[in-house]
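Number of protein chains: 2
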Amino acid sequence: MSDRYTSFANTTAGRAMVKRLGLPEPVRLRRYRAGDPDIEGTVLVGGAGRLAEPVRKLLREGGASTEGEGPYTGLVFDATGIADSTGLRALYDFFHPVARSLRPCGRVVVLGTPPEECGNPREATAQRALEGFVRSVAKEFGRGTTAQLVYVAPGAEDAVESTLRFLLSPKSAYVSGQVVRVGAADVTAPANWTRPLEGKVALVTGAARGIGEAIARVLARDGAHVVCLDVPAAGQPLSAVANDIKGSALQLDLTSTDAPQRLVEYFSERNGRVDIVVHNAGITRDKTLARMSEDKWDVLMDINLSSQERVNDALLAADLLPSGGRIVAVSSMSGIAGNRGQTNYAASKAGVIGLVQFNAPVLASKGVTINAVAPGFIETQMTAAMPMVVREGGRRMNSMSQGGQPVDVAETIAWFASPGSAGLTGNVVRVCGQSLLGA
Amino acid sequence: MSDRYTSFANTTAGRAMVKRLGLPEPVRLRRYRAGDPDIEGTVLVGGAGRLAEPVRKLLREGGASTEGEGPYTGLVFDATGIADSTGLRALYDFFHPVARSLRPCGRVVVLGTPPEECGNPREATAQRALEGFVRSVAKEFGRGTTAQLVYVAPGAEDAVESTLRFLLSPKSAYVSGQVVRVGAADVTAPANWTRPLEGKVALVTGAARGIGEAIARVLARDGAHVVCLDVPAAGQPLSAVANDIKGSALQLDLTSTDAPQRLVEYFSERNGRVDIVVHNAGITRDKTLARMSEDKWDVLMDINLSSQERVNDALLAADLLPSGGRIVAVSSMSGIAGNRGQTNYAASKAGVIGLVQFNAPVLASKGVTINAVAPGFIETQMTAAMPMVVREGGRRMNSMSQGGQPVDVAETIAWFASPGSAGLTGNVVRVCGQSLLGA
Chain R
1 MSDRYTSFAN TTAGRAMVKR LGLPEPVRLR RYRAGDPDIE GTVLVGGAGR
51 LAEPVRKLLR EGGASTEGEG PYTGLVFDAT GIADSTGLRA LYDFFHPVAR
101 SLRPCGRVVV LGTPPEECGN PREATAQRAL EGFVRSVAKE FGRGTTAQLV
151 YVAPGAEDAV ESTLRFLLSP KSAYVSGQVV RVGAADVTAP ANWTRPLEGK
201 VALVTGAARG IGEAIARVLA RDGAHVVCLD VPAAGQPLSA VANDIKGSAL
251 QLDLTSTDAP QRLVEYFSER NGRVDIVVHN AGITRDKTLA RMSEDKWDVL
301 MDINLSSQER VNDALLAADL LPSGGRIVAV SSMSGIAGNR GQTNYAASKA
351 GVIGLVQFNA PVLASKGVTI NAVAPGFIET QMTAAMPMVV REGGRRMNSM
401 SQGGQPVDVA ETIAWFASPG SAGLTGNVVR VCGQSLLGA
Chain C
1 MSDRYTSFAN TTAGRAMVKR LGLPEPVRLR RYRAGDPDIE GTVLVGGAGR
51 LAEPVRKLLR EGGASTEGEG PYTGLVFDAT GIADSTGLRA LYDFFHPVAR
101 SLRPCGRVVV LGTPPEECGN PREATAQRAL EGFVRSVAKE FGRGTTAQLV
151 YVAPGAEDAV ESTLRFLLSP KSAYVSGQVV RVGAADVTAP ANWTRPLEGK
201 VALVTGAARG IGEAIARVLA RDGAHVVCLD VPAAGQPLSA VANDIKGSAL
251 QLDLTSTDAP QRLVEYFSER NGRVDIVVHN AGITRDKTLA RMSEDKWDVL
301 MDINLSSQER VNDALLAADL LPSGGRIVAV SSMSGIAGNR GQTNYAASKA
351 GVIGLVQFNA PVLASKGVTI NAVAPGFIET QMTAAMPMVV REGGRRMNSM
401 SQGGQPVDVA ETIAWFASPG SAGLTGNVVR VCGQSLLGA
């Protein structure tokens, strides 16, 4: 979808005008092209903790340099050595001199210890403080820079590579100001980081268009065989997507009583399993609560939330999700912050967050992870149809001053889906360019 | 501090003009006056769970009616009986018919079970979904209505009164869209709910002006003897506040090495204890990280975060905080969402959140609670000095379309300080009129 303002603001004349008028300055975000390396250039690694050395090693093996002069593609700071609030000064010491040495669309990653796993309250306090620092850096550095905080559990030092690769690459162009938790896990690194999903079977619901289509395409690019599901009414665009990515099309209404059973039969017969389940299908039925009909509540809640529960439970009961399985659900910023006219939608999407958080420990015993993405303003047909003022407000009110693309959501899901991401479960990551709107 | 737009928008001519131009419509918020009852009028209670009946009883004993025709002063829904996502329909059934029957500055409270204490993932998912619903109601109902979600742990049914009184009263005028957790605790209800702090000794740091002054005044109104602390340079306004509320003035620089020891000596000699500690003292030293001097980092972190740690530890080590003690820290929305030019401030205020969350379990064994408030845009001398555009942006970008008053922060702190609030610990409550800005 087009964003003519961002295009204009990146012409020579546009840049000058935008500066003179004090308008938002959206930069053209660098995005990943198939075959590119995840990491390149120089990523400066600082800090003194249990992660700096292993991270330097994996970055070098991934093809990046970890020292030398700027401009840098990334700045990674290991804050796990910070034991109390006075030690936070190390953040200043590392970032202050290099704050202006990042390339456009640069990357900042701070690595910490999950506060809840710290030995004492003073250490936990300092580790929790990192979040305020990182979110401020993400708002301040500008020019397409992203900044994230990754809490790495003690013992999870080997589980961090897929996350660093994602967060340092152009794949995370529209992910910023996020907090990610990596736990200890037996990680099987992909044989080939450019085709990490080789040999995997994936299901994507709502795959006929928009974000779902982008998810299907990115998972296929990464090597998965993708079963594209959508309602029968979307049969034509669905087939087109499935054919184009050499996947399969499956027409199914998820609200029908026999849908879970039909999915079980489908995967039992065709593949014997499904490795990756992406719950993307969802609808909006906006109305203020006073004007909302019963039906708008019921049908939305069923598609956006209850059907996900039914499908997960059926696939698990039929033993179709093997160890190493991945469930990724699509939540929404509305589910985090609420929204006028969306009591139904926000409840369903907050429920998705609960689904992910409280199924994570249950699924861990089966070797299955479950995570969620929460898109902000993403350029789709849906947002293109918004009134101009609402659309422009949503587009510009984030640290990138622009909307995201469906591919940004898809890349985030592919990161969760990777065999390398066994240490990630129960996470909710916003794909919102660090939207100012929040809870 | 004045907000001339809100005053104007509440005149007859102003109301008409604001409507015609589609401008924000801030209503004049009802605030508490000393001696008023916390709860009055009719508070409709619905839902079927373990809380509806006890809540009806306590509301009636508190002087409210719990059934009858609207307009209502409050709507309370007990959602603890909702066992899965299909059961969420009960929210719609209760709120849809009465969504327009609230008085201006009405109150909505939804009561749930903490998802982490639910018996199974489906129940946890449904309980987590409540948050999206409540935040949407808070954005949608308008006219000064607030809406909150209170998670009441099983067994904490008797610990909820102070929280309901606060959230249903005009004391919470600028608190909306918040999630509060009440745990099981031995609660001693105050003998007199209009003077709940009778006989208590309180310390308020940074009490010479602004929010700190308001805190001192409200705690004194509620019956506490307040020790007002500020730096020697603020000696004169400090004495004026202390005299006015019949408290004590204590000039002390919290960054001095002997400050914790001097506090210990002060309370040992004068009172033998301190029941309520309010960490309000804090500074800003805004600069982008690239331009920030070392000193701006160090002095800010010391005052805003490290000094709180030192004071708590010294008072606890000297056994001056008795069982029933209360610590309340002032965080900030910047600590939650980050802010451009505030890497230092946001880190310190995020650290305060960590301090509260990770000291709560440690202090619980001593019968002491610790909570935080996170103010949004509050009208003070500091905000009055902001450039107009920044000020108006901050003021209007919340569900109340206006800034809060220092007293709104103070009332929230007084709620945490109450003997009735033994079940509240580790909470972070924003006083921000449900600011749109978030994380």
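Sequence order for the protein chains is R and C. Sequential numbering of the first sequence, starting at 1, is according to the UniProt record's numbering. Sequential numbering of the second sequence, starting at 1, is according to the UniProt record's numbering. For each residue, glycine too, the CB sits at the ideal point set by N, CA and C.
Among the residues of its own chain, which have a CB less than 6 Å from the CB of residue i, if the five just before and after it don't count?
i             : result
P260/R        : R310, V311 and A314
residue 444/R : Only positions 1 to 439 of chain R appear in the structure, and residue 444/R is not among them; the question remains open.
L58/C         : E161
D302/C        : T255
R31/R         : P170 and A173
R143/C        : V27 and P104
V166/C        : Contrary to the premise, residue 166/C reads as Phe rather than Val in this sequence. Same-chain partners within the cutoff: S172 and W415.
Flag this pair as yes or no: are the beta carbons of residue i and residue j separated by less than 8 Å?
i      : j      : result
A48/C  : G81/C  : yes
P26/C  : M400/C : yes
R291/C : G338/R : no
L197/C : G223/C : yes
V368/R : L289/C : no
P232/C : R209/C : no
L300/C : R285/C : yes
A347/C : L88/R  : yes
M397/R : L424/R : no
V110/R : A83/R  : no
Q402/R : D93/R  : no
P121/R : L355/C : yes
G68/R  : T42/R  : yes
G341/R : A189/R : no
G376/R : G433/R : yes
S334/R : G112/C : no
V264/R : A318/R : yes
T412/C : V175/C : yes
N427/C : N371/C : yes
F77/R  : G106/R : no
A147/C : V108/C : yes
Mind checking who residue i pairs with in its DSSP beta bridge?
i      : result
N398/R : S435/R
Y151/R : G112/R and R181/R
T205/C : L229/C
V134/R : V134/R is not bridged to any residue.
V428/R : A372/R
T146/R : R107/R
I378/R : G404/R
Excluding sequence positions up to five away, which residues of its chain have a Cβ less than 7 Å from the Cβ of residue i?
i             : result
P37/C         : G63
F358/R        : none
A414/R        : V218, L219 and D222
G54/C         : The amino acid occupying residue 54/C in the given sequence is Pro; Gly does not appear at that position. Closer than 7 Å at the Cβ level, and outside the excluded window around P54/C, lie E157.
F267/C        : R273, V274 and L320
residue 467/R : Absent from the model: residue 467/R. The displayed extent of chain R is 1 to 439, so no value can be given.
R60/R         : T66
R15/C         : A9
L102/C        : P71, Y72, L75, F141 and T145
G247/C        : A216, A220, H225, V226, V227 and C228
Throw me the rounded Cβ distance for the residue i and residue j pair, which I believe falls under 8 Å.
i      : j      : result
S331/R : A281/R : Not quite, the Cβ-Cβ distance comes to about 13 Å (not below 8 Å), so this is no contact.
T205/R : H279/R : 6 Å
I39/R  : L203/R : With 8 Å as the limit, I39/R and L203/R do not qualify as a contact, their Cβ atoms being about 30 Å apart.
A249/C : A242/C : 4 Å
A329/C : V352/C : 5 Å
R430/C : Q178/C : 6 Å
For residue i, which residues from the same chain have a beta carbon less than 8 Å from its beta carbon, with the 5 sequence-adjacent residues on both sides left out?
i      : result
V182/C : V150, Y151, V152, A153, A156, A159, V160, T163, G423 and L424
A214/R : Q405, P406, V407, V409 and A410
G35/R  : T194
C118/C : A124 and Q127
Contiguous alpha helix (DSSP H) assignments of at least 4 residues, all confined to the region 39-126 of chain C = You should have 52-61 and 89-98.
message = List, from N- to C-terminal side, the beta strand (DSSP E) runs of 3 residues or more that fit wholly inside the region 217-291 of chain C.
response = Fully enclosed beta strand (DSSP E) runs of 3 or longer: 225-230, 248-251 and 276-279.
query = In the region 311-372 of chain R, which residue ranges form an unbroken alpha helix (DSSP H) of at least 4 residues, counting only runs that do not cross its ends?
reply = The region 311-372 of chain R contains these whole alpha helix (DSSP H) runs: 333-337 and 343-364.
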